[in-house]
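Participant: First residue of the sequence shown? That's 0 in numbering that gives the first Met the number 0, and the numbers climb one at a time after it. Note that the Cβ used here is the ideal one computed from N, Cα and C, for glycine as well.
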Amino acid sequence: MANSEKISKILELKNLRVSTLEKLLGVGNSTLRKAVERNSSVSIEVLKKISSLYPDLSTDWLFYDKGEPIAVPSLVANPPNPKEKHILMRLALKENAKPIPVTNIKASAGAIQLYNDEPELIIEYIETPLITDAVGTIEVKGHSMAPKYPNGTRIVIGEKLTHKHLIRPGEDYYIIDLNYEGYIKRLYKVPGDDTKVELRSYNEDKDAYPNYQLNWSEVIAVFRVKAGIQLT
Numbered sequence: 000m001a002n003s004e005k006i007s008k009i010l011e012l013k014n015l016r017v018s019t020l021e022k023l024l025g026v027g028n029s030t031l032r033k034a035v036e037r038n039s040s041v042s043i044e045v046l047k048k049i050s051s052l053y054p055d056l057s058t059d060w061l062f063y064d065k066g067e068p069i070a071v072p073s074l075v076a077n078p079p080n081p082k083e084k085h086i087l088m089r090l091a092l093k094e095n096a097k098p099i100p101v102t103n104i105k106a107s108a109g110a111i112q113l114y115n116d117e118p119e120l121i122i123e124y125i126e127t128p129l130i131t132d133a134v135g136t137i138e139v140k141g142h143s144m145a146p147k148y149p150n151g152t153r154i155v156i157g158e159k160l161t162h163k164h165l166i167r168p169g170e171d172y173y174i175i176d177l178n179y180e181g182y183i184k185r186l187y188k189v190p191g192d193d194t195k196v197e198l199r200s201y202n203e204d205k206d207a208y209p210n211y212q213l214n215w216s217e218v219i220a221v222f223r224v225k226a227g228i229q230l231t
């Protein structure tokens, strides 16, 4: 597979525009676009930057054209027995680590706890081939995201985003601030101010659930919401 084809595959896997990937890599405008459009070569230095930005990509595939694009088929370290129910996992918020099993039986999905002075999100393990990049579920509490996500719905979250430019305006995300509070919201860019992000609820009662803004400096983690599951 030519390097330009690999770029196209990465754009597909990561749901990125060419221009966004160029910004994340710090390469010149149109560097990747021209390579994709003309099916021309991409330098090894660019591939190294991509490998550093996305450690889940297989280096064998990226550099040697061997195997599959994603290096690790499971996003969970030592996956538990999927036949067991309500298995809780700890997910580090400030590093790109895989979830590990919870040993504190008092923990609950959606809680944020300190472990060795580092914040970790408690998620419930989920195994579903129908949702790619799923790392776990969190229970929705409250009515701000109704009717799409009623109180008690479980949302499936994907991998933690590595950069704010990966936000797709109007889509649903689980965002955690410096106070270790988590919110399920639609995120929007603030026109003319890339230091802030706007959070919006689905509930149309804007007196109870108004739109508001956060400084990106107040945000410690953002996860894309992959799906909502209503338990019966």
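Which residues does DSSP list as the beta-bridge partners of Ala-226?
Facilitator: Within the sequence shown, the letter at position 227 stands for residue 226. Ala-226 pairs with Val-155.
Participant: In three-state DSSP terms, what is Asn-2?
Facilitator: The residue given as residue 2 occupies position 3 in the sequence shown. If DSSP states are grouped into helix, strand and coil, Asn-2 belongs with the helices.
Participant: Note the first and the last residue of the continuous alpha helix (DSSP H) segment covering Arg-32.
Facilitator: Counted from its first residue, the sequence shown places residue 32 at position 33. Per DSSP, Arg-32 belongs to the alpha helix (DSSP H) from 30 to 37.
Participant: On the three-state DSSP scale, how would you describe Trp-194?
Facilitator: Counting from 1 along the sequence shown, the entry for residue 194 is found at position 195. Correcting the residue identity first, residue 194 is Thr in this sequence and not Trp. Three-state result, Thr-194: strand.
Participant: Do Ala-91 and Glu-119 have their C-beta atoms within less than 8 Å of each other?
Facilitator: Locating residue 91 in the sequence shown gives position 92, where the first residue counts as 1. Locating residue 119 in the sequence shown gives position 120, where the first residue counts as 1. Yes, they are a contact pair.
Participant: Under 8 Å, with one C-beta from each stretch per pair, do the stretch 216 to 227 and the stretch 163 to 182 reach the 3-pair mark?
Facilitator: At 8 Å Cβ cutoff, the stretches touch.
Participant: Please state whether the Cβ-Cβ distance between Pro-68 and Ser-51 is less than 8 Å.
Facilitator: Taking the first residue of the sequence shown as position 1, residue 68 is located at position 69. Taking the first residue of the sequence shown as position 1, residue 51 is located at position 52. Against a cut-off of 8 Å, the Cβ pair of Ser-51 and Pro-68 comes out as no contact.
Participant: With DSSP collapsed to three states, give me the class of Ile-121.
Facilitator: Taking the first residue of the sequence shown as position 1, residue 121 is located at position 122. Look at Ile-121 here: in three-state DSSP terms it is strand.
Participant: Who does Lys-205 pair with in a DSSP beta bridge?
Facilitator: Within the sequence shown, residue 205 is the residue found at index 206, counting from 1. Lys-205 pairs with nothing; no bridge assigned.
Participant: Out of curiosity, what's the CA-to-CA distance linking Thr-102 and Glu-138?
Facilitator: Taking the first residue of the sequence shown as position 1, residue 102 is located at position 103. Taking the first residue of the sequence shown as position 1, residue 138 is located at position 139. Low confidence applies here, because Thr-102 scores a pLDDT of 47, under 50, leaving its location unreliable; read the following figure in that light. Rounded to the nearest angstrom, the two C-alpha atoms are 20 Å apart.
Participant: Output yes if chain B places a C-beta closer than 8 Å to the C-beta of Met-144; else output no.
Facilitator: No chain B is part of this structure, which consists of one protein chain only.
Participant: Could you pull out every residue in the same chain whose Cβ sits closer than 8 Å to the Cβ of Ile-228, ignoring the five residues on either side in sequence?
Facilitator: Walking along the sequence shown from the start, residue 228 turns up at place 229. Cβ within range, chain order: Thr-136, Thr-152, Arg-153, Ile-154 and Val-155.
Participant: Distance, Cα to Cα, Ile-125 vs Glu-158?
Facilitator: As a first step, residue 125 is located in the sequence shown; it is residue number 126 there, counting from the start. As a first step, residue 158 is located in the sequence shown; it is residue number 159 there, counting from the start. Approximately 13 Å, taken between the alpha carbons.
Participant: Is Leu-235 helix, strand or coil when you go by DSSP?
Facilitator: Nothing can be reported for residue 235: it is not among the residues displayed for the chain, which extend from 0 to 231.
Participant: Between which two residues does the beta strand (DSSP E) harbouring Tyr-234 extend?
Facilitator: Given a span of 0 to 231 for the chain in the structure shown, any question on residue 234 remains unanswerable.
Participant: Please return the same chain residues whose Cβ sits closer than 7 Å to the Cβ of Leu-24, not counting the five positions on each side in sequence.
Facilitator: Residue mapping note: residue 24 aligns to position 25 of the sequence shown, counting from 1. Hits under 7 Å: Val-45, Lys-48, Ile-49 and Leu-52.
Participant: Where does Lys-184 fall in DSSP's three states?
Facilitator: As a working mapping, residue 184 is identified with position 185 in the sequence shown. Lys-184: strand per DSSP, three-state reduction.
Participant: Contact check, Ser-42 vs Lys-33 under 8 Å by CB: the rounded distance?
Facilitator: In the sequence shown, residue 42 corresponds to position 43, counting from 1. In the sequence shown, residue 33 corresponds to position 34, counting from 1. Their Cβ separation, rounded to whole angstroms, is 12 Å, which puts Ser-42 and Lys-33 out of contact at 8 Å.
Participant: If you scan the stretch 44 to 69 from start to end, which runs of the alpha helix (DSSP H) of 4 or more residues do you find wholly inside it?
Facilitator: 58 to 63
Participant: To which residues of the same chain is Asp-28 closer than 8 Å at the C-beta, ignoring the five residues directly before and after it?
Facilitator: As a position in the sequence shown, residue 28 is number 29, starting the count at 1. Note on identity: in this sequence residue 28 is Asn, with Asp being the wrong assignment. Closer than 8 Å at Cβ, skipping near neighbours: Ser-18 and Glu-21.
Participant: Would you kindly check if the distance between the Cβ of Lys-184 and the Cβ of Leu-198 is under 8 Å?
Facilitator: Along the sequence shown, one-based indexing puts residue 198 at 199. Along the sequence shown, one-based indexing puts residue 184 at 185. In this structure, Lys-184 lies closer than 8 Å to Leu-198 by Cβ.
Participant: Taking the straight line between their C-alpha atoms, what separation do you get for Ser-200 and Lys-5?
Facilitator: In the sequence shown, residue 200 corresponds to position 201, counting from 1. In the sequence shown, residue 5 corresponds to position 6, counting from 1. About 37 Å.
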